[in-house]
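**Q**
Numbering (my numbering), first residue to last: 88 to 172.
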């Protein structure tokens, strides 16, 4: 199960601020692209294990993004802000 939490603050019907928190331990490998064959179950498990080690998930259990600005674009919104990994 993916454990993500997001909040959006609205002003005049438009998003004004966004905050997202992801629990590192909930990250999963869904697929692998670019290889001759797809990733097997054990390969996905190894990729996840390596990612958790790289992110030091035990010491830093969360990834956070906080927007500093939200700008409307032709296809949605652009979020500029701080990403903490």
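Backbone N, C-alpha and C fix where the C-beta goes; we use that ideal spot for every residue, glycine too.
Excluding the 5 residues preceding and the 5 following residue 92 in the sequence, name in chain order all residues of the same chain whose CB lies nearer than 6 angstroms to its CB.
**A** 108
**Q** Near residue 104, what residues of its chain come up, given a Cβ to Cβ distance below 6 angstroms and the 5 sequence neighbours on each side ignored?
**A** Here the set comprises 96 and 154.
**Q** With distances taken from CA atoms, which of 172, 156 and 171 is nearest residue 165?
**A** 156
**Q** From residue 233 to residue 99, what distance separates their C-alpha atoms?
**A** Look at the range of the chain in this structure, 88 to 172, and you will see that residue 233 is not part of it.
**Q** Identify which residue in 161, 160, 128 and 145 has its Cα closest to the Cα of residue 110.
**A** 145
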